[in-house]
Amino acid sequence: MISEMLSRKFDQIIARYPLKRSAMVPLLLYAQDEIGQVSDEVIAEVARRVEVRPIEVVEVVSYYSMLHRQPVSKHQLQVCTGISCMLRGADEVFEHCAKKLGVGHKQTTPDGLFSLEQVECLGACCGAPAMQVNYDYYENLTLGEIDQLITELKKKEPRSNM
Ligand code: FES
9 MISEMLSRKF DQIIARYPLK RSAMVPLLLY AQDEIGQVSD EVIAEVARRV EVRPIEVVEV
69 VSYYSMLHRQ PVSKHQLQVC TGISCMLRGA DEVFEHCAKK LGVGHKQTTP DGLFSLEQVE
129 CLGACCGAPA MQVNYDYYEN LTLGEIDQLI TELKKKEPRS NM
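For the sequence shown, our numbering begins at 9 and goes up steadily by one.
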């Protein structure tokens, strides 16, 4: 059962689209931001509201790398390892993030603040090597900029002692 607040937000989002099913991804993203994952309940509710079968919602969730069935961290680092980024140092970027955070591919730090993942092309090839952190893009990354970014994200977390 989703919350009353989430239910109201779903109504608002669906009203923006001429076709209900067009609201599917926005609904899923909003729900994930609110409850931290795309749960079975969210899938069932979104399917009901946009009038598709639940399996169609599951297929959409499995297609998009920014949608997660498992609980997500607060800051999701998605390092592009597509061909353009690979040619411009993506492996080094990923290894640097992994070492800095102490986690590997599809892993989350013990405090739940950061997760790390290798993803396919983010559509930012001109800015390779690129990384996405939640909804923000970071392009032409250097290792120093990654250190700075992680430090800034940690500063936003008063309880973090990483
Ligand atoms: S290959 Fe990395 S953004 Fe396209």
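Every residue gets a Cβ at the ideal spot worked out from N, C-alpha and C, and that includes glycine.
Do residue j and residue i have their beta-carbon atoms positioned less than 9 angstroms apart in this structure?
i: Ile22; j: Val46; result: no
i: His83; j: Gln40; result: no
i: Val68; j: Ile10; result: no
i: Ile158; j: Phe122; result: yes
i: Ala138; j: Leu149; result: yes
i: Arg29; j: Val60; result: yes
Are there 16 or more other CB atoms within 10 angstroms of the CB of residue i, so buried, or fewer, so exposed?
i: Leu85; result: buried
i: Glu12; result: exposed
i: Ser81; result: buried
i: Glu160; result: exposed
i: Leu95; result: exposed
i: Gln126; result: buried
i: Pro118; result: exposed
i: Lys140; result: Checking the displayed sequence, the identity of residue 140 turns out to be Gln instead of Lys. Flag for Gln140 reads buried.
i: Leu27; result: exposed
Got a sec: is the Cβ-Cβ distance from residue i to anything in chain B below 9 angstroms?
i: Met74; result: The structure shown contains no chain B, having only a single protein chain.
Going straight from the alpha carbon of residue i to that of residue j, what length do you get?
i: Asp48; j: Tyr71; result: 16 angstroms
i: Glu147; j: Gln156; result: 14 angstroms
i: Gln78; j: Cys134; result: 31 angstroms
i: Ala136; j: Val33; result: 26 angstroms
i: Phe18; j: Gly152; result: 40 angstroms
i: Met170; j: Lys164; result: Note on Met170: pLDDT 45, under 50, position unreliable in the model; no value is reported.
i: Arg24; j: Ala31; result: 8 angstroms
i: Ala98; j: Gly120; result: 24 angstroms
i: Leu109; j: Val101; result: 12 angstroms
i: Gln20; j: Tyr38; result: 11 angstroms
i: Gly44; j: Asn142; result: 12 angstroms
i: Tyr145; j: Leu36; result: 20 angstroms
i: Leu14; j: Ser73; result: 22 angstroms
Check: Is it a yes or a no for the segment 85 to 93 touching the segment 125 to 140, going by three-plus beta-carbon pairs under 8 angstroms?
Finding: Under the Cβ criterion (8 angstroms, minimum of three pairs), the segment 85 to 93 counts as touching the segment 125 to 140.
Check: Can at least three beta-carbon pairs, one atom from the segment 48 to 63 and one from the segment 99 to 113, be found at a separation below 8 angstroms?
Finding: No, because fewer than three Cβ pairs between the segment 48 to 63 and the segment 99 to 113 fall closer than 8 angstroms, the two stretches do not touch.
Next item on the list: Write down every uninterrupted run of the alpha helix (DSSP H) in the segment 55 to 82 whose length is 4 residues or greater and which is fully enclosed by it, in chain order.
Entry: Fully enclosed alpha helix (DSSP H) runs of no fewer than 4 residues occupy 62 to 71 of the segment 55 to 82, in order along the chain.
Notebook entry, point to check: Within the chosen definition, does the segment 96 to 105 reach the segment 62 to 82 through at least 3 CB pairs nearer than 8 angstroms?
Noted result: These segments do not touch.
Note to self: In chain order, what are the residue ranges of uninterrupted beta strand (DSSP E) at least 3 long that sit wholly in the segment 70 to 151?
What the structure shows: Runs of the beta strand (DSSP E) inside the segment 70 to 151: 83 to 88, 122 to 127, 139 to 141, 144 to 146.
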